[in-house]
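Here is the structure we will look at, set down as structure tokens.
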């Protein structure tokens, strides 16, 4: 009985690691690559896209204040 329980836990642990390790590696690699691309391929204007818009258009795309949902 105890041997079967240990074997079941061992099998579940191995199966879990086979799922978690590739998933964590993929997430980490995606974040690293996207951070590198954003850091090397964007300029300072890209972080403020509404800066050069006309005032009428700028007011139309501003988010609503908190608590004023649709």
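Residue numbers (my numbering): 774 to 843. Ideal placement from N, C-alpha and C gives every residue a C-beta, glycine not left out. Just so you know, these numbers come straight off a predicted model, no measurement behind them.
What's the gap between the Cα of residue 807 and the Cα of residue 774? Residue numbering aside, residue 807 sits at position 34 when the chain shown is read from its first letter. Residue numbering aside, residue 774 sits at position 1 when the chain shown is read from its first letter. Roughly 49 Å between the two C-alpha positions.
In angstroms, rounded to a whole number, what distance separates the CA positions of residue 793 and residue 781? Start at 1 with the first residue of the chain shown, and residue 793 comes out as number 20. Start at 1 with the first residue of the chain shown, and residue 781 comes out as number 8. When rounded, the distance between both Cα atoms is 18 Å.
At the level of alpha carbons, what is the spacing between residue 785 and residue 802? Here residue 785 refers to the residue found at position 12 of the chain shown. Here residue 802 refers to the residue found at position 29 of the chain shown. Distance between the alpha carbons of residue 785 and residue 802 is about 26 Å.
Quick one: grab the DSSP three-state call for residue 815. Numbered from 1 along the chain shown, position 42 holds the residue referred to as residue 815. Reduced to three states, the DSSP call for residue 815 is coil.
State the Cα-Cα distance for the pair residue 787 and residue 804, rounded to the nearest angstrom. Taking the first residue of the chain shown as 1, we reach residue 787 at position 14. Taking the first residue of the chain shown as 1, we reach residue 804 at position 31. Taking the straight line joining both Cα atoms gives about 26 Å.
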